[in-house]
Each structure stands twice: as C-alpha cells, then as structure tokens.
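A.B. asks: Taken in order, the sequence shown gives residues 6 to 460; the numbers are from my numbering.
Glycine included, C-beta positions come from ideal geometry on N, C-alpha and C.
One structure coming up, written as structure tokens, with questions to follow.
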Amino acid sequence: MKRLILSLTILALSAAAQTLPKPLPAPPSQDAKMKWFREAKFGLFIHWGLYAIPEGEWKGQPIAGLGEWIMNRAKIPVAEYELLAKQFNPVKFNADEWVQMAQDAGMKYIVITSKHHDGFAMYHSLVSKYNVFDATPFHRDPLKELALACARRHMPFGFYYSQAQDWHERNGAGNTWDFGPDDQKDYDQYLREKAEPQVKEILTNYGPVCLIWFDTPRMMTKDRGSRFADIVKALQPATLIDGRLGPDSPGDYRSMGDNAIPNQVVAGDWEVPATTNKTWGFKKDDTDWKTPEDMTFKLVDITSKGGNYLLNVGPTKEGVIPQAPQDNLRAVGRWLKVNGDAIYGAGPTPFGDELGHPGGPDRQDKNGRTIPGFIVAKDWRCTTKPGKLYFTIFNWPAGAFEVSKMKGKVTKAYLLADASKKPLKVTQKGDQVSVALPAAAPDKIASVVVMETAQ
Ligand code: FHN
6 MKRLILSLTI
16 LALSAAAQTL
26 PKPLPAPPSQ
36 DAKMKWFREA
46 KFGLFIHWGL
56 YAIPEGEWKG
66 QPIAGLGEWI
76 MNRAKIPVAE
86 YELLAKQFNP
96 VKFNADEWVQ
106 MAQDAGMKYI
116 VITSKHHDGF
126 AMYHSLVSKY
136 NVFDATPFHR
146 DPLKELALAC
156 ARRHMPFGFY
166 YSQAQDWHER
176 NGAGNTWDFG
186 PDDQKDYDQY
196 LREKAEPQVK
206 EILTNYGPVC
216 LIWFDTPRMM
226 TKDRGSRFAD
236 IVKALQPATL
246 IDGRLGPDSP
256 GDYRSMGDNA
266 IPNQVVAGDW
276 EVPATTNKTW
286 GFKKDDTDWK
296 TPEDMTFKLV
306 DITSKGGNYL
316 LNVGPTKEGV
326 IPQAPQDNLR
336 AVGRWLKVNG
346 DAIYGAGPTP
356 FGDELGHPGG
366 PDRQDKNGRT
376 IPGFIVAKDW
386 RCTTKPGKLY
396 FTIFNWPAGA
406 FEVSKMKGKV
416 TKAYLLADAS
426 KKPLKVTQKG
436 DQVSVALPAA
446 APDKIASVVV
456 METAQ
C-alpha cells in the first residue's frame with residue numbers, strides 16, 4: 006500500500022512538472038499587481054539567440070558593439086544571417102540548471118529574449134517559421150522548457166520581446182540595409198502580422214508570464230502601444246509591462262537606461278537592466294566581468310534608491326551560461342543568503358547624503374545629452390522596512406558606525422549576520438546615532454547593521 010502511495014505521488018509530481026499552471030487572474034489593484042516585483046528586487050535577464058553563434062565575430066573580423074547587434078553592425082543580409090539557424094544546436098542547454106543558477110544567485114525572477122531585434126523567435130512560433138523549433142536542428146522549444154522549470158521552482162518567468170525592431174522583416178523597424186528606410190515601410194503590417202500575434206502566442210502557451218519586456222520603441226505611437234497593452238491585459242491581466250513599450254505607453258514600471266543607475270532616490274516602481282560584462286548577447290572576447298563586490302554594491306545601491314536590478318547573462322551557442330558570471334552571481338547569492346532581509350521587499354533610504362554629491366566631470370549620454378558629474382559615495386547604503394533600518398556597510402569603520410539626521414529613536418541594533426541578534430551598543434544624541442562595531446566586518450563584501458526604531 007505504502008509503495009503504491011509513493012508511486013502515485015511520484016507520478017503526480019512528474020505530471021505536475023510537465024504541465025504549466027494557468028495564468029493568474031486580474032489583480033484587484035495596481036499595488037496588488039506590483040507586489041511580487043516590489044518584493045523581488047533582483048532578477049535574471051537572459052539574452053540568447055542566433056547571435057550566440059558568431060560570438061561577436063563575422064567572417065573572421067571582430068565586430069564592435071553589442072553581441073546581439075552583430076547583424077546590424079556588420080550589415081549582414083537576411084539571407085546570410087538566416088543560415089545561422091541551421092547551426093543552432095545548443096545540446097548542453099538545461100533549463101533546470103539555468104533556473105537553479107538564478108536561485109543560487111538569490112534572483113527572484115527571470116526574463117528571457119523570446120525574440121530580439123534579429124527577428125528570430127526563440128520559442129515554437131506558429132506565426133513565423135523563423136523560430137528555434139522549426140528552423141534549427143535543435144528542434145526543441147527552450148522557452149517551454151524554461152517555463153516548466155520555472156513553474157516547478159516557483160520562479161516568476163517573463164519574456165523580452167522586441168516589438169519594433171525586427172531586422173528579419175521587410176516592414177519591421179531597423180533593417181535598412183536589406184529593406185530601405187524605415188519611414189517607407191508598412192510598419193503596421195509587420196505589427197499586425199508578426200509582432201502582435203507573437204505576443205499573443207507567448208502570453209498563451211507558456212503559463213503565467215510575470216512581465217513582458219518590450220524594448221527600443223522605434224515608431225511606436227500611442228495607438229500602436231495601446232494595441233500591445235490591450236493584448237496583454239486581455240490575455241494575462243497580471244502580467245507587468247516594462248517601461249519601453251512606447252513613448253506614450255507608460256507600462257507598469259519605469260525602465261531606466263541600460264546600466265544607468267540614478268544618483269538619487271526615485272519614487273515609483275522602476276528597474277535597471279544591466280550587463281555582467283559589456284554585452285548582452287554572448288561575445289567571446291568580452292571577458293570584462295563585473296565582480297561579486299561590484300554587483301552586490303549595485304544591488305544594494307539600487308534597492309536603497311527604490312528600484313530593482315535586472316542583471317543579464319548571455320549564454321553560449323552550446324546553451325551554457327559562461328562560468329565566470331555564474332561564479333560571480335553565486336557569490337552575490339551567498340551574500341544574499343545571510344543579508345537578504347536588507348534587500349527583498351525593502352524600501353528606499355530615508356537619508357540621502359550617503360549616496361554622493363554633485364561634482365566630477367560631466368558626461369554625454371548616447372543621445373548627446375549632458376549628464377552633470379556626480380561623485381558616488383560608497384561607504385554605506387540604507388534600506389528600510391517598517392520599524393527597521395538596514396545599513397549595509399561597504400567600508401567598515403574603526404570603532405563605531407555613525408549616522409546623522411536620524412528620525413525617531415533607535416531601540417536596538419545588531420548585525421544581520423548574527424543569528425542571535427546580540428545587541429550592539431547604541432548611543433543617540435538627538436538625531437546623531439553611534440553604534441559600536443566589532444573590530445572586523447563579518448563579511449568581506451559588506452555587512453549589514455540593523456537598527457530597530459520607534460517614532
Ligand atoms: O538594443 C537593445 C539591446 O540589444 C539590449 O537588449 C538592451 C537591454 O536593455 N536593450 C536595447 C538597448 O537599450
């Protein structure tokens with residue numbers, strides 16, 4: 006009997022693993038819709054597509070710029086680029102390993118390119134044969150496998166979809182080398198016949214989609230944006246829309262520029278998409294990996310300003326996430342295991358002076374706008390939860406940690422790394438607080454002092 010029950014349980018579990026849950030119902034309010042995102046703070050972005058095959062090199066020449074832009078940068082004709090599909094066979098791809106890596110890194114959502122600007126669908130699309138299932142020897146749907154792996158592990162799963170640029174299509178934006186200037190294209194024909202139906206597919210066949218990450222909204226008018234937003238609302242009302250659908254389509258949260266961390270606290274919901282090296286799609290000669298220290302600092306910094314950090318990896322043509330970012334992200338995950346209370350669900354700093362001050366050289370952004378110089382201070386950051394202040398200290402001071410402009414009374418202080426919450430000595434004079442610290446920081450990356458407060 007026991008045996009039978011055990012076999013039935015295993016059967017039920019494996020059946021559950023093979024089916025996707027149903028999309029979530031409409032959330033009762035915008036706050037309810039944003040809840041998981043505000044809690045999550047840290048997500049994994051994955052840029053994976055045919056561009057992983059050339060690895061940043063075309064006909065023996067290194068091509069400058071982002072790996073996933075190689076078709077555009079090298080002005081590769083569609084007829085030539087398409088041939089890459091015949092070589093795409095990432096036999097080392099293992100969806101569970103990718104999701105496990107994200108979990109080890111302490112990441113709380115995953116967003117993957119379902120179609121990037123090259124127009125190639127990385128899922129089994131019935132709208133266009135130019136997709137990973139029909140056009141490659143791989144003949145699998147890696148996004149279905151990932152959706153299932155995420156469902157098994159309760160990991161929110163979302164899609165990047167390049168709604169405007171599609172270099173494979175005569176009427177998509179961006180491919181001027183095969184198809185001529187964008188302003189002479191029948192852009193709505195492309196939107197209606199490819200982009201909109203594909204967005205319907207990814208919202209229909211992959212279970213609950215936590216968010217859709219639209220990008221580079223060229224030629225997106227209010228009406229065009231609304232058409233996508235309406236599709237999302239009709240098919241999965243709980244799915245968030247990022248901030249890059251269109252200039253007149255605000256989405257559910259703001260997307261900052263790539264790797265662009267604001268200098269100050271920003272109100273509302275927002276996210277910084279960022280790279281772990283300098284490219285999004287894999288490039289064999291880009292090994293300029295961000296260190297665990299740097300990524301941890303940025304995660305805490307962004308959280309203390311009110312945002313989320315969506316950090317990218319670019320898997321190889323074999324389907325493997327490069328080892329260096331895996332190792333570095335897992336180190337961030339180890340830090341989060343001890344110090345995650347300071348991040349997940351935490352709000353921004355009530356202080357602000359610790360973030361830095363104006364100064365240093367001005368710089369130009371990619372649109373030629375002048376960005377005034379700002380000197381980022383890196384000693385500590387503060388994140389908050391009701392009745393608690395989390396001070397993540399990167400530069401461990403000798404003797405005591407001092408804060409001014411404290412509102413309310415500090416009733417207790419302890420190290421987050423100390424499970425026993427042994428109180429640290431607190432001295433408060435008005436809004437000046439001093440907390441006695443042990444000589445050595447508990448963590449070499451950063452250590453968190455929690456202060457409990459009463460008004
Ligand atoms: O052009 C894309 C780029 O390839 C990449 O996908 C990034 C991610 O934020 N978005 C665009 C540039 O901002």
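In angstroms, rounded to a whole number, what distance separates the CA positions of L16 and R157?
C.D. replies: Residue placement at L16 is flagged as unreliable, the pLDDT there being 44, under the threshold of 50; a coordinate-derived value is accordingly withheld.
A.B. asks: Quickly, what does DSSP pair P278 with across the bridge? List them, please.
C.D. replies: L315
A.B. asks: Once DSSP output is grouped into helix, strand and coil, what is the label at C387?
C.D. replies: If DSSP states are grouped into helix, strand and coil, C387 belongs with the strands.
A.B. asks: Cutting at 7 Å between CB atoms, please list the residues of its own chain near G361, excluding the five before and the five after it.
C.D. replies: N268, F379, I380, V381 and A382
A.B. asks: Around the C-beta of D36, are 16 or more other C-beta atoms found within 10 angstroms, so that it is buried, or is it exposed?
C.D. replies: Its Cβ having fewer than 16 others within 10 Å, D36 is exposed.
A.B. asks: Alpha carbons only, please: which of P297, V96, K27 and A84 is nearest the one belonging to I450?
C.D. replies: P297
A.B. asks: Report the CB separation of H121 from S167 in whole angstroms; it is logged as a contact under 8 Å.
C.D. replies: 5 Å
A.B. asks: Going by CA-CA distance only, name the one from W294, Q460, A418 and G70 that's closest to V440.
C.D. replies: A418
A.B. asks: Within 8 Å, do at least three Cβ pairs link the region 319–331 to the region 348–361?
C.D. replies: no
A.B. asks: So, using beta-carbon positions, are A140 and A90 closer together than 8 Å?
C.D. replies: yes
A.B. asks: Return the CA-CA distance between I398 and L429, expressed in angstroms with no decimal places.
C.D. replies: A straight line joining the alpha-carbon of I398 with that of L429 spans about 15 Å.
A.B. asks: With 16 as the cutoff for other CB atoms within 10 Å, does A69 come out buried or exposed?
C.D. replies: exposed
A.B. asks: Based on the DSSP secondary-structure assignment, which residues constitute the bridge partners of N136?
C.D. replies: A126
A.B. asks: What are the boundary residues of the alpha helix (DSSP H) that includes V237?
C.D. replies: Run containing V237: K227 to L240, per the alpha helix (DSSP H) assignment.
A.B. asks: Going by the C-beta, is D220 closer than 7 Å to any heavy atom of ligand 1?
C.D. replies: yes
A.B. asks: With a threshold of 7 Å, establish whether the CB of H173 neighbours any heavy atom of ligand 1.
C.D. replies: Remark: the C-beta of H173 is outside contact range of ligand 1, defined as less than 7 Å to any heavy atom.
A.B. asks: According to the neighbour-count rule (16 or more other Cβ atoms, all chains shown, within 10 Å of its Cβ), is E407 buried or exposed?
C.D. replies: exposed
A.B. asks: Identify which residue in H144, K80, F396 and G248 has its Cα closest to the Cα of N180.
C.D. replies: K80
A.B. asks: Quick one: residues in its chain with C-beta nearer than 6 Å to the C-beta of G163, no 5 flanking neighbours on either side, listed in chain order?
C.D. replies: Only V116, V214, C215 and L216 meet the Cβ criterion.
A.B. asks: What are the boundary residues of the beta strand (DSSP E) that T2 is part of?
C.D. replies: As shown, the chain starts at 6 and ends at 460. That puts residue 2 outside it, with no answer to give.
A.B. asks: Residues bridged to E407 by DSSP?
C.D. replies: S439
A.B. asks: Run through DSSP, which three-state label would L16 get?
C.D. replies: Unreliable positioning characterises L16 in this predicted model, as indicated by a pLDDT of 44, which lies under 50. The coordinate reading is nonetheless provided below. L16 falls in the helix class under three-state DSSP.
A.B. asks: Between which residues of its own chain and E150 is the CB-CB distance below 7 Å, once the five residues before and five after are set aside?
C.D. replies: Result list for E150: A100, in chain order.
A.B. asks: In terms of residues, what are the limits of the alpha helix (DSSP H) holding T331?
C.D. replies: First, the residue type needs correcting, since residue 331 is Gln and not Thr in the sequence shown. Q328 to N344 is the extent of the alpha helix (DSSP H) around Q331.
A.B. asks: When the Cβ atoms of the region 252–259 are set against those of the region 215–231, are three or more pairs found closer than 8 Å?
C.D. replies: Output reads yes: the region 215–231 touches the region 252–259.
A.B. asks: Using 7 Å as the cut-off, classify the Cβ of D370 as near or not near the heavy atoms of ligand 1, replying yes or no.
C.D. replies: No - ligand 1 has no heavy atom lying nearer than 7 Å to the Cβ of D370.
A.B. asks: Apart from the five residues just before and just after I326, which ones in its own chain have a Cβ nearer than 7 Å to its Cβ?
C.D. replies: W103, M106, V318 and P320
A.B. asks: What's the C-alpha gap between K46 and V132?
C.D. replies: Near 34 Å, if we compare the C-alpha coordinates of V132 and K46.
A.B. asks: Could you spell out where the beta strand (DSSP E) holding A459 opens and where it closes?
C.D. replies: S452 to A459
A.B. asks: Buried or exposed: where does L18 fall if 16 or more other Cβ atoms within 10 Å of its Cβ makes it buried?
C.D. replies: Interpretation of L18 is limited by its pLDDT of 42, a score under 50 that renders its predicted location unreliable; no figure is taken from the coordinates.
A.B. asks: Alpha carbon to alpha carbon, how far is A21 from C155?
C.D. replies: Since pLDDT at A21 reaches only 48, below the 50 mark, its modelled position is unreliable, and no value is offered.
A.B. asks: Residues bridged to V431 by DSSP?
C.D. replies: Partner residues in the beta bridge of V431, as assigned by DSSP, are V440.
A.B. asks: Give me the Cβ distance between T301 and A329, rounded to the nearest whole Å; I'm assuming they're in contact under 8 Å.
C.D. replies: About 16 Å separates the two Cβ atoms, so there is no contact after all.
A.B. asks: First and last residue of the beta strand (DSSP E) that includes T416?
C.D. replies: K414 to L420
A.B. asks: Under a three-way DSSP split, which group does T375 fall into?
C.D. replies: strand
A.B. asks: Could you check what DSSP says for R78 in three-state terms: helix, strand or coil?
C.D. replies: helix
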